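A quick write-up on the structure given underneath.
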Amino acid sequence: MQTGLYRHYKGKDYRVLGVARHSETQEELVVYQALYGEGGLWVRPKAMFLEMVVLDGVRVPRFAKVPE
1122 MQTGLYRHYK
1132 GKDYRVLGVA
1142 RHSETQEELV
1152 VYQALYGEGG
1162 LWVRPKAMFL
1172 EMVVLDGVRV
1182 PRFAKVPE
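In my numbering, the protein residues as written are 1122 to 1189.
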């Protein structure tokens, strides 16, 4: 997975910092930072980060890579 700028389907931007592994389950987790507000750090399972969601009847990526 590429690091860099991603846009959530609801419109806010995040910077993906990398992929980490859960220490007990070995599940891959995406580590990312909000580019708004306090700039908090977040983690989400990689499979969920990359999944498609339905928005107004259309399947779109939950997070889409934004060219920088």
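Beta carbons: idealized from backbone N, C-alpha and C, even for Gly.
Since we're looking at a predicted model, the values are computed, not measured.
In this structure, 1126 is the residue among 1179, 1126, 1167 with its C-alpha nearest to the C-alpha of residue 1137. Within the same chain, and ignoring the five residues on either side of residue 1170 in sequence, the residues whose Cβ sits closer than 7 Å to its Cβ are 1151, 1183, 1184. In the same chain as residue 1142, and ignoring 5 residues on each side of it, the C-beta atoms closer than 8 Å to its own belong to 1148, 1149, 1150, in chain order. Our two residues, residue 1133 and residue 1164, have alpha carbons roughly 16 Å apart in a direct line.
Note on geometry: alpha-carbon atoms of residue 1140 and residue 1180 lie some 25 Å from one another.
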